[in-house]
Structure formats: structure tokens, C-alpha cells
Amino acid sequence: MEIIINYISILGSFALAISGAITAMDKRFDPFGVFIIAFVTAVGGGTLRDMLINDRSVFWITQTSYIHFIIAGTICAIIFKSKLDHITKPLFIFDAIGLGLYTITGVQIGLEYGLAAVNCVILGTITGAFGGVLRDILVNEVPIIFKREVYATISILGAILYLTLNKLHFINPILQIVPVLFIIAMRLVVIRYNISLPSLYADERKKKGTTRE
Amino acid sequence: MEIIINYISILGSFALAISGAITAMDKRFDPFGVFIIAFVTAVGGGTLRDMLINDRSVFWITQTSYIHFIIAGTICAIIFKSKLDHITKPLFIFDAIGLGLYTITGVQIGLEYGLAAVNCVILGTITGAFGGVLRDILVNEVPIIFKREVYATISILGAILYLTLNKLHFINPILQIVPVLFIIAMRLVVIRYNISLPSLYADERKKKGTTRE
Amino acid sequence: MEIIINYISILGSFALAISGAITAMDKRFDPFGVFIIAFVTAVGGGTLRDMLINDRSVFWITQTSYIHFIIAGTICAIIFKSKLDHITKPLFIFDAIGLGLYTITGVQIGLEYGLAAVNCVILGTITGAFGGVLRDILVNEVPIIFKREVYATISILGAILYLTLNKLHFINPILQIVPVLFIIAMRLVVIRYNISLPSLYADERKKKGTTRE
Chain A
217 MEIIINYISI LGSFALAISG AITAMDKRFD PFGVFIIAFV TAVGGGTLRD
267 MLINDRSVFW ITQTSYIHFI IAGTICAIIF KSKLDHITKP LFIFDAIGLG
317 LYTITGVQIG LEYGLAAVNC VILGTITGAF GGVLRDILVN EVPIIFKREV
367 YATISILGAI LYLTLNKLHF INPILQIVPV LFIIAMRLVV IRYNISLPSL
417 YADERKKKGT TRE
Chain B
217 MEIIINYISI LGSFALAISG AITAMDKRFD PFGVFIIAFV TAVGGGTLRD
267 MLINDRSVFW ITQTSYIHFI IAGTICAIIF KSKLDHITKP LFIFDAIGLG
317 LYTITGVQIG LEYGLAAVNC VILGTITGAF GGVLRDILVN EVPIIFKREV
367 YATISILGAI LYLTLNKLHF INPILQIVPV LFIIAMRLVV IRYNISLPSL
417 YADERKKKGT TRE
Chain C
217 MEIIINYISI LGSFALAISG AITAMDKRFD PFGVFIIAFV TAVGGGTLRD
267 MLINDRSVFW ITQTSYIHFI IAGTICAIIF KSKLDHITKP LFIFDAIGLG
317 LYTITGVQIG LEYGLAAVNC VILGTITGAF GGVLRDILVN EVPIIFKREV
367 YATISILGAI LYLTLNKLHF INPILQIVPV LFIIAMRLVV IRYNISLPSL
417 YADERKKKGT TRE
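Protein chains in written order, with our numbering: chain A, 217 to 429; chain B, 217 to 429; chain C, 217 to 429.
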């Protein structure tokens, strides 16, 4: 179990490092700035999760393999981006993969520590989405998670799907793969068709022009 | 003692959730974005406090009742706000209540862990004010705490008042209620009369127009 | 060893408090706002380091002497700044001193906990640079560390220099003083001659005007 979580989590860190590096390159950061944003995006969610769960060591402090994958992800992003400039899709694809993989590891770790279902869902969403929130704060943007892109909602739904499958006694690999693919697919559908949850004041958006979009 | 702290703390989380939800609705976030800001505002200060005190579990990880109160606060805010739009007062009232209740729980927990008085004051202020700081960072504003509104100052004074009453052997309910009411009343007075501490460069404010207000 | 780390670390907190206070005064914060930014800048990096290392208490929670030095640093900055207004150099000098001293304590603590070299470097850079990142986030700026000023790079090089000297069996005071002076000197050279690492898209900067500089 622990091994599978690690495997998924390393893949997630690789995908999120790419997403972070692309964002930082768009902001014209220097190479080390690009690596730092990639690092923060990749480990931010899991780090907060591990700090929230008392008596759990922060994952990348004890396992340096993550750092190698993040460096690899950053280098891939740099090579990749120079060939595919002006395409913003890759950011969303890797972000979606990272969200899916990390959300599920967060839920699994919550279950391992015997937390209540609602806390497992919150830990999953934190693990999946907080790295991206940190990335956006560091580049001084309103976090993408709040921009009516159904971001956290999908992570929450994916976490609930995992808990449901788990309750119904599904086992691996279905138990893990289905919620991960659900989250990735949902994110891509949402971006493709530009779906958003209604703002609670949709009718007023034209009146007040002060909102930063 | 522990029970009373919990009771106050839950009320504080309810008030701060409302304050967070109102801010997020003003920024036109989607419903889940509103909940996340409410959640972060409500638990941010206490979470940092619990992470700073080694060997203390994060309060909402072990007690899910907080999450229910935060959800209730968010729903109240949504219903409440739609009736009282364009009124910014509620934000300040609930923020003041949360600041008062949380500051005192922070000081009490510091005393429980045998920390020095200055650290109890800092923990109290972190517990009371950090959730609001996170709220403002997440919506990409300069935190309200820094906007010459005597915010942290009042929290610090309230914490010192609690420590003084404690030293003078006052007991509950006076020991708790007086500093909480002091903080709430001071905040409302400050907002009502628009009082602010002088900037250290008040005379220069017109010359340099670059400061973001 | 522990005593020397504390000594260096207290000097670092003093220097970073001055750097934080100057930034906050430039932003016209009220006196308590100035102290809070000074505090966060001074303890932010070490606090994150201590929270990342499981079973290590946060340094300023157990040792209140830091808080006294931060208060002293804030008062010095207020007196100092009023005499030397319009001079931005002091900010960089104290920031450089803090970066140097804190980076090395971070590396030393990583070694003490038997972490891998790469993690010692990361902990050193976090200890040295994260306080400044928090300072910039709180005043709603893109962190200086990302502004092509070779900031993190120098911290990383200083950390590697320390690990190399340590491997070559150099002992104190050379082991500590050389990397600290290296970091401070490099930062001042970089600022003096306005050196920056190339952006990964330097040629494109004129085309896209959306980047906030």
C-alpha cells in the first residue's frame, strides 16, 4: 500500500513540477526561480498534509527521490515549453494529472491515519490543490482554484468517489485508477467546454467592474 | 478548561467562516471557492498555532465538529449576504467576534503549554488574526491587518488584558468574557470612528503615490 | 555547536528584522504592522524549517531571546530609516547578512538531523530566503527571490560551499565564516553591478506586455 502511494505520489510531483515550471516561465522567472516554483507546486500540497497530520514526517525530507523527479520535471518543462510556446494547454493537462494523483494519495493517507471521511476529503483536496494555490500566490495571482473553474469541486468529488469505491470493497487497481481518471477527465472537460459554477452574484458582475479577472 | 476553550473556539470558527465567506462572495468566487475561503479564514490561525506548538495535533483534524460549524457559517453568510448586499459592516462585526474569541483561546493554549508571556501574546494574535491574513492573501489583497486599522494592536492588548486578569486571579467567566468583549468593542469603535495608528511617514504620503491603498 | 548556531541565528534574526521593518515602513504600515513584518521576515524561514523537520520545536517558541532581538531590530530600523530615507541600500545589506547567516544555520541543522546533502541545501535556502518570501507576499509583491536577482542561487551556492568545506574537514570558525561572507559578498556584488541570470525567454519579453514587472 505504502509503496503504491509513493509511486502515485512521485508521478504526481513530476506532473505538478511541470505545471509549476510552465507558470514560472510564463512569468519570465530566472532558471532557479523556475525550479523553486516547480518545487513548491509539486511538494506544497503534500507538505501541508504532512504538517497537518501530527507525527508524520514531511515526505520529501525523508525521501530524496521526489527531488530528483522534480528536477527532471523542471528540465522537461524547459525543453518542452521552448518547442510549444503560446500553447497554454500543457499547463492544464499536467495540472489535472497532478490534481488527480495527489488528491487520491491524500485521501489514502487520511484513511491510513483513521481520520473521519470529511477530513480525508479535505486532506485529499489540500494535497491535490494546495501546491497550485501556493504557485499562484508566489506569482502574485488570485489562485486558479477560485476562478470559477470547478477546480476544488472536482477534487472533492474525486475524493468522495474514492471513499465510495473503498466502502463498496473495490480493490486496486480499480480503486485508485477510476477516481484518478475521473478527476483528470473532469478537469479536461471543464476546461475544454469552459464550464464554470455560477457565481453567487452572477447577475451583478457587469455592474461592479472592480473584480480582477 | 479544555471544554470551554473548545466552545469558544467553535463560536470563533463560526464567526470567522462568515467573515471569510462574505469576502469571497464580494470577490465573486464560485460556491466552493466561498467555502474554501471561509474554511481557511476560520481554521488558519488555529492551524498555524497548533503547528507551531510541537506535539499538539491540529484541532480540526481530530475534531470534525469545527467543519460542521464552518459549513453552517458559510451557508448563513450566503443567505445573509443576499439580503444585505452593499453593506460592508457585517464583515467587520464577524471578523471582530472571531478575533476576540480566537485571540483568547490562543493565549489560553499558550498558558496550558507553559510558554512565556510574550509567546502567549504572539500565539493569541496568530490564532486571532492569521486566518484573516490568509483570507486576504488568497484573494490577493494586502492583509487588512496592515492597513492602519489597529487590528493586531487590539488583539495584542486583549491578550495582555487576559494575562493581567489571570495574574490577578480572576476566574471564569470574567477572565474570558472581559478580554473577548474588550477586543470586539475596540474593533467596532476603531471602525466606527475610523481611527488609525499614525504611519511612521505620515507626512510623506502625498509625495509618493505608489503605495497601494 | 548548538550554542554557535543560536548565536549566528540570533544575529540573522536581528538583520532580517531590520530588512522587514524597512520594507514595511516603505509601504507606510502602522508601527505594529512594521513589527509584524519584521517578525515574519526574521522568523519565517526558521519556522518553516523547524515545522518541516518532524520532532523539532519551533525555535522562537522555546527561546524568547529571539523576540527581544527582533524588537531591537525593529526599533533600530525605525530610528535608522528616519535618518537615511530615500536610500534603498540598507534593505539589501541587512537582507544579505540575514540570508548568509540563516542559510548556514539551516544547513547545519540539516546535517545535525542526518539529512541528505540535497535536503540540507534546500533547508538552508528555506531558512535563509523564506522569511523574505513571506515578507514580500504579505506586502503583496512578487517575492524578490524570483526577480532575476540571483537570490536563491547564491544561497544554494553558499550552502554547497559549506557542505564542501565540511567534507574537507575544515573546522570553525573558517567553516562558518567563509560561506556566510561568500553569500553576503555575492549578494552585494550582484546588486552593485545589477547582475541577473538570463530569463528563459529573454528575447520575447517585449512581445508579451502582460507580465507584471
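Glycine included, each C-beta is placed from N, C-alpha and C at the ideal position.
Flag this pair as yes or no: are the beta carbons of residue 248 of chain C and residue 341 of chain B separated by less than 7 Å?
-> Contact flag unset, no.
Helix, strand or coil at residue 382 of chain A [DSSP, three-state] = Reduced to three states, the DSSP call for residue 382 of chain A is helix.
Buried versus exposed, by CB contacts within 10 Å (16 or more), residue 383 of chain A | When all chains shown are included, residue 383 of chain A counts as exposed.
Short Cβ contact (7 Å threshold) for residue 257 of chain A with residue 344 of chain A | By the CB criterion at 7 Å, residue 257 of chain A and residue 344 of chain A fall outside the cutoff.
Nearest-angstrom Cα separation, counted from residue 243 of chain A out to residue 353 of chain C = When rounded, the separation of the alpha-carbon atoms in residue 353 of chain C and residue 243 of chain A is 16 Å.
Which of helix, strand or coil DSSP assigns to residue 324 of chain B = Looking at residue 324 of chain B - three-state DSSP - the assignment turns out to be helix.
Does DSSP put residue 390 of chain C in a helix, in a strand, or in coil?
-> Residue 390 of chain C: helix per DSSP, three-state reduction.
Can you give the Cα-Cα distance for residue 279 of chain A and residue 230 of chain A, rounded to whole angstroms?
-> Residue 279 of chain A and residue 230 of chain A: Cα-Cα distance of roughly 14 Å.
Where does the unbroken alpha helix (DSSP H) through residue 263 of chain C begin, and where does it stop?
-> Here the alpha helix (DSSP H) through residue 263 of chain C covers 247-268.
In terms of alpha-carbon separation, which member of A:389, A:376 and A:288 lies closest to residue 432 of chain A?
-> For residue 432 of chain A there is no data in the structure shown, the boundaries of chain A being 217 and 429.
Along the chain, where does the alpha helix (DSSP H) that runs through residue 271 of chain A open and close?
-> For residue 271 of chain A, there is no enclosing alpha helix (DSSP H), as DSSP marks it with neither H nor E.
Can you name, in chain order, every residue of its own chain whose Cβ lies under 7 Å from the Cβ of residue 234 of chain C, other than the five neighbours on each side?
-> Counting only residues of its own chain and dropping the five nearest sequence neighbours on each side, residue 234 of chain C has a CB closer than 7 Å to the CB of 289, 292, 293 and 310.
Quick one: residues in its chain with C-beta nearer than 8 Å to the C-beta of residue 409 of chain A, no 5 flanking neighbours on either side, listed in chain order?
-> Same-chain partners within the cutoff: there are none.
Could you have a look at residue 297 of chain B and say whether DSSP puts it in helix, strand or coil?
-> Residue 297 of chain B falls in the helix class under three-state DSSP.
The alpha helix (DSSP H) enclosing residue 331 of chain B, as first and last residue numbers | Where residue 331 of chain B is concerned, there is no enclosing alpha helix (DSSP H), because DSSP gives it neither an H nor an E.
Where residue 313 of chain A falls, given that 16 or more other Cβ within 10 Å makes a residue buried = Buried.
Any C-beta of chain C sitting closer than 7 Å to the C-beta of residue 419 of chain B?
-> Since pLDDT at residue 419 of chain B reaches only 43, below the 50 mark, its modelled position is unreliable, and the value read off the structure follows with that caveat. At a cut-off of 7 Å between beta-carbon atoms, residue 419 of chain B makes no contact with chain C.
Supposed close pair residue 339 of chain C, residue 326 of chain C - CB separation, criterion 8 Å | With a Cβ gap of about 4 Å, residue 339 of chain C and residue 326 of chain C count as contacting.
With 7 Å set as the bound, which would you pick, yes or no: does the beta-carbon of residue 402 of chain C sit closer than that to a beta-carbon of chain A?
-> In terms of beta-carbon proximity, residue 402 of chain C stays away from the interface with chain A, with every pair separated by 7 Å or more.
Does residue 170 of chain B get closer than 7 Å to chain A when you measure Cβ to Cβ?
-> A query on residue 170 of chain B cannot be resolved here, the shown segment of chain B reaching from 217 to 429 and no further.
At least 3 beta-carbon pairs within less than 8 Å: the stretch 264-278 of chain B vs the stretch 266-273 of chain C | They touch, by the three-pair rule.
Expected contact under 8 Å - CB spacing of residue 259 of chain B and residue 316 of chain B to nearest Å | Not confirmed; about 17 Å, so no contact.
Near-chain C residues of the stretch 272-283 of chain A (beta-carbon distance less than 9 Å), N- to C-terminal order = Residues passing the 9 Å Cβ filter: 272, 273, 274, 276, 277, 278, 280 and 283.
7 Å CB neighbourhood of residue 272 of chain B in its chain, flanking five on each side removed | Answer for residue 272 of chain B: 266, listed in chain order.
Cross-chain neighbours of residue 373 of chain B in chain A, by beta carbon under 8 Å | Listed along the chain, the chain A residues whose CB falls inside 8 Å of the CB of residue 373 of chain B amount to none; the nearest CB is some 30 Å away.
Cβ neighbour criterion (16 or more within 10 Å) applied to residue 330 of chain B | Burial call: exposed.
Could you work out which residue in A:285, A:227 and A:337 is closest to residue 380 of chain A when comparing CA atoms only?
-> Taking only the C-alpha atoms, the option nearest residue 380 of chain A is A:337.
Identify, in the order they occur along the chain, each residue of the same chain with its Cβ nearer than 6 Å to the Cβ of residue 402 of chain B, setting aside the five sequence neighbours on each side.
-> The residues are 370.
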